[in-house]
Every structure is written in C-alpha cells, then in structure tokens.
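S.K.: Residue numbers for the sequence shown follow this note's numbering, beginning at -17 and rising by one.
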Amino acid sequence: EVDNGRFMNHSSNPNTDFSQYGGATATRDIAVGEEITCDYGEFFEDFELLHLATA
C-alpha cells in the first residue's frame, strides 16, 4: 500500500486539514501548480519542537 502523504509538504499555514476519518480536505482554494500542504504536527507530537530547534 502506498502512503499518499508523500504527495504533501509541511506548512505552518497549510491548505488542507485531516478529518477524523483520515481524509484530507482543502481549507481554501488551491491554485493550479500550488503545493498541497498539511501540518506535520498533526501526525507527530514533537514536530513543532523539532522544527523550532532546527530553524
């Protein structure tokens, strides 16, 4: 099984959000050619700490 998450990049201002059922929904219009983004912090509890430590 392929993980579709590989098609998304992290953003602190993402254009998608995940439902409790596992599907991603656009939170605003996404322009042609614009990356699909999500907040990795939704998946990894310590992501924001890691992100801040490496900035």
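All residues carry an ideal CB built from backbone N, CA and C; glycine is no exception.
Within the continuous beta strand (DSSP E) that includes residue 69, where are the two ends?
M.R.: The question about residue 69 has no answer here: the residues shown for the chain are numbered -17 through 37.
S.K.: Indicate whether residue -9 and residue 9 have their beta-carbon atoms separated by less than 7 angstroms.
M.R.: no
S.K.: Can you tell me where the beta strand (DSSP E) holding residue 7 begins and where it ends?
M.R.: 6 to 8
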